[in-house]
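Here's the structure, in structure tokens; my notes come after.
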Amino acid sequence: MFLGIFLLTLAIFWTERRLVISDPITTKYIINHPLFVFGPGHEKAVNVSFGYGSIVLVSADRHRYLRNNIMNPSFSAKNVRAALPTIREIGRKLADRWEALGFPGNTVDISGTLSDAALDVMGDVILEHSFNALGGESEVGRLQRTLLNMVSSPTKFAQLIDAALSYVPDLIFRVLYYLPIQALHILREYKKITDDLSAQLAARARDEGPSDTPDFVGAFVRDDTVPDGEIGVHLRTVLTAGEDTTGTTLGWILYKLAQMPDLQQELRREIQLAAQKEMPDYDNMALLNAIINASAALLFPGELLNKHIYSGGFALAFLGGPGVCLGWRLAISELQVFVVELVGRFVLSLPENDSVRARVAMTLVAESADGKRGIPLHVEHVT
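Written out as structure tokens, the structure reads:
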């Protein structure tokens, strides 16, 4: 091993050599350099999940064009600030949903409601389309969560297929997509629904004409380089990223706060102080933002004070370089609002049989010892 770089030999079907890098300078260079792209296995997985042409895979001039000319305006700081009242309203609906479902006084899996709230933000703020996932009316949300759960908790056969993806020729891969397998059937259904939605939103954008505010689908419609059939690809990309990553991160924040009741109570005092204003100044809530920023690396403020040196893993929540998360500003705003709303109204604690652990899948998912995805917490009203 030299500077954190060494070769690892893996036996899958045959001997395969992989380069493993732990040196921070080398890692930073790779993240920030456009030369380094996804491998063939990841490329096929993205293509089958979203469709061909996703910003996740395109590179160089095409990536910059899609990102800067078409997609970035919808996620700008100005647009996120303007969306704050909408995000706050969805945060209140999330807390009300917990009440309606009878969460207080019980131990429940909170993860589904968090994903629903994140999807509603994507719909109301970015697409100007109401999914009403928190109201239980979103077929897109249901299918998307089913797919994400299947991907994050694969069977042994699915893991074998995943390992073999890079060796499957594209022609055969496209044929395999139509096999009568339940997971592929759900994926085809999800793609049809999101393609129909993108066509509906594109037709509306054409009818309404140019808008004074950023219009995600309208920007694609008015661009001559993007065919209509590709709009659904970008729609699926932002919906998956906007729902799963934000919902998962929020779940980890609440889990860690349940694990650290003193920190949770200290945060609640900060929330109560900020609530004296009609519109809380989220950016100036020091503890709230320390918790959110630390959650990106899965390291909490309380753990920083431990006398032992932290040697666990860290996560790059928003990545960096050319692939930095498009919606990081929106995600931070959602996390701020939702944490304030939920911790301000509910006390969270771990159940006695807590066995939640982190596992790397599409995101860093939470699962129990028996492999079931979810974040069960005990919920009580703030008294």
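Under the numbering used here, think of the first position of the sequence shown as 577, with each following residue one higher. A virtual CB, placed ideally from N, CA and C, is assigned to each residue, including glycine. All values derive from a computational prediction rather than experimental measurement.
Query, Result
"Collapsed DSSP secondary structure at Glu619 in the structure displayed", "helix"
"7 Å CB neighbourhood of Glu619 in its chain, flanking five on each side removed", "Leu633"
"Whole-number beta carbon distance between Val913 and Arg664, since they are thought to touch under 8 Å", "5 Å"
"The region 810-825 touching the region 690-706, judged by at least three CB pairs closer than 8 Å", "yes"
"Exposure label - Gly801; buried when at least 16 CB within 10 Å", "It is worth fixing the name first, because residue 801 is Thr in this sequence and not Gly. Under this definition Thr801 is an exposed residue."
"Local Cβ density within 10 Å of Ser687, reported as buried at 16 or more and exposed below that", "buried"
"Under the three-state DSSP convention, the category Ile686 falls into", "coil"
"Pro661 - containing alpha helix (DSSP H), residue span", "660-676"
"Reference Trp828, options Val624, Pro837, Leu940, Val622, closest by Cα", "Leu940"
"Leu815 and Met647 closer than 8 Å at C-beta", "no"
"Separation of Leu924 from Ser830, as counted between CA atoms", "Going by the sequence as given, residue 830 is Leu instead of Ser. Roughly 8 Å between the two C-alpha positions."
"Minimum length 4: unbroken alpha helix (DSSP H) runs contained in the region 770-836", "792-797, 804-816, 822-835"
"Closest Cα partner of Ala775 within the set Arg668, His705, Leu763, Tyr743", "His705"
"The region 659-676 / the region 752-764 touching (three or more Cβ pairs under 8 Å)", "no"
"Nearest residue (CA-CA) to Asp685, options Thr959, Pro927, Asp804, Ala934", "Pro927"
"Cβ shell of Asn655 (< 6 Å), same chain only, five flanking positions each side left out", "Pro790"
"Cβ separation of Val809 and Ser650, assumed to be a contact under 8 Å, to the nearest whole Å", "Not confirmed; about 16 Å, so no contact."
"Length of the line joining the Cα atoms of Ala851 and Glu675", "20 Å"
"DSSP three-state assignment for Phe922, whether helix, strand or coil", "strand"
"Ile597 (DSSP reduced to helix, strand or coil)", "strand"
"Same chain, Cβ closer than 7 Å to Leu703, five either side skipped, listed in chain order", "Leu777, Phe792, Val793"
"Neighbourhood of Pro661 by C-beta, 8 Å cutoff - its chain only, sequence neighbours within 5 removed", "none"
"Nearest-angstrom beta carbon gap, Arg812 and Phe626 [assumed within contact, 8 Å]", "5 Å"
"Beta-carbon gap between Glu715 and Ile769 smaller than 8 Å", "yes"
"Continuous beta strand (DSSP E) stretch holding Leu710: start and end", "Per DSSP, Leu710 belongs to no beta strand (DSSP E) and is neither H nor E."
"Minimum C-alpha distance to Leu863 - residue among Glu765, Val915, Asp783, Arg673", "Val915"
"His761 (DSSP reduced to helix, strand or coil)", "helix"
"Cross-strand partners of Glu943 (DSSP beta bridge)", "Arg933, Arg949"
"Local conformation of Val955 per DSSP, three classes", "strand"
"Separation of Lys832 from Asp838, as counted between CA atoms", "11 Å"
"Enclosing alpha helix (DSSP H) for His705 [first to last residue]", "Neither: His705 is in no alpha helix (DSSP H) and is coded neither H nor E."
"Coarse secondary structure for Pro680, derived from DSSP in three states", "strand"
"Extent of the continuous alpha helix (DSSP H) run through Asp637", "636-640"
"Proximal residues to Arg782 (C-beta, below 8 Å), its chain only, five neighbours per side dropped", "Val797"
"Per-residue DSSP class, three states only, for Phe890", "With a pLDDT of 47 at Phe890, under the threshold of 50, the predicted position of this residue should be treated as unreliable, though the coordinate-derived value follows. Coil at Phe890, not helix or strand."
"Which of helix, strand or coil DSSP assigns to Ser742", "helix"
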